[in-house]
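Enquirer:
Residue numbers (the UniProt record's numbering): 1 to 184.
Next comes the structure, spelled out in structure tokens:
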């Protein structure tokens, strides 16, 4: 995480003229307690994108047990034999956050939930050989890689299985976007 913060911090300075430490001070001065409330404040008042605002809030709350717990949950989900799934997760997380400023990540034990007004997706490294994407697409007919979730996870209606060595297709992006749109 420190390397990611360092790289994004350099990019943040290049785009805004202010370094991460300066932005952290700005965030703390705002006096806003809630994570998403502070992210939204940085976006609306300072014109930052979601990724930068989220990073700043995480850095500002580095001593917060909630922030550490979220980071620890994500890290734990991608530990050991499942570590090779982390780049795919990072790619999908960035994609979904790019859909809109209202995406909230909620790490759980073993997976990360994505919410808008309600949960619309979850990303889960299920085994060392399979990565699952759960989607809230109630009423959608299964097609291609999109299948009914059945008893896999009660919080979603559908899932997409990605096997080790398999590259997810463009249809996965479309299904993630459809689930995001329905959750608004």
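Where a beta carbon is used, it is the ideal one built from N, C-alpha and C, also for glycine.
Could you check what DSSP says for residue 109 in three-state terms: helix, strand or coil?
Expert: Looking at residue 109 - three-state DSSP - the assignment turns out to be coil, as it is neither helix nor strand.
Enquirer: If you draw a straight line from the alpha carbon of residue 177 to that of residue 115, how long is it in whole angstroms?
Expert: Straight-line Cα distance between these residues: approximately 12 Å.
Enquirer: Would you give the residue range spanned by the beta strand (DSSP E) that residue 158 belongs to?
Expert: First-last of the beta strand (DSSP E) with residue 158: 158-163.
Enquirer: Tell me which same chain residues have a C-beta within less than 6 Å of the C-beta of residue 18, skipping the five on either side of it?
Expert: Correct list: empty, nothing qualifies.
Enquirer: I'd like to know whether the C-beta atoms of residue 99 and residue 89 end up nearer to each other than 8 Å.
Expert: No, these two residues do not count as a Cβ contact at 8 Å.
Enquirer: For the structure I just gave you, are there three or more beta carbon pairs, one from the stretch 49-60 and one from the stretch 127-143, closer than 8 Å?
Expert: Output reads no: the stretch 127-143 does not touch the stretch 49-60.
Enquirer: Is DSSP giving residue 168 helix, strand or coil here?
Expert: Correct three-state label for residue 168: coil.
Enquirer: Which term fits residue 11, buried or exposed, when burial requires 16 or more other beta carbons within 10 angstroms of its beta carbon?
Expert: Label assigned to residue 11: exposed.
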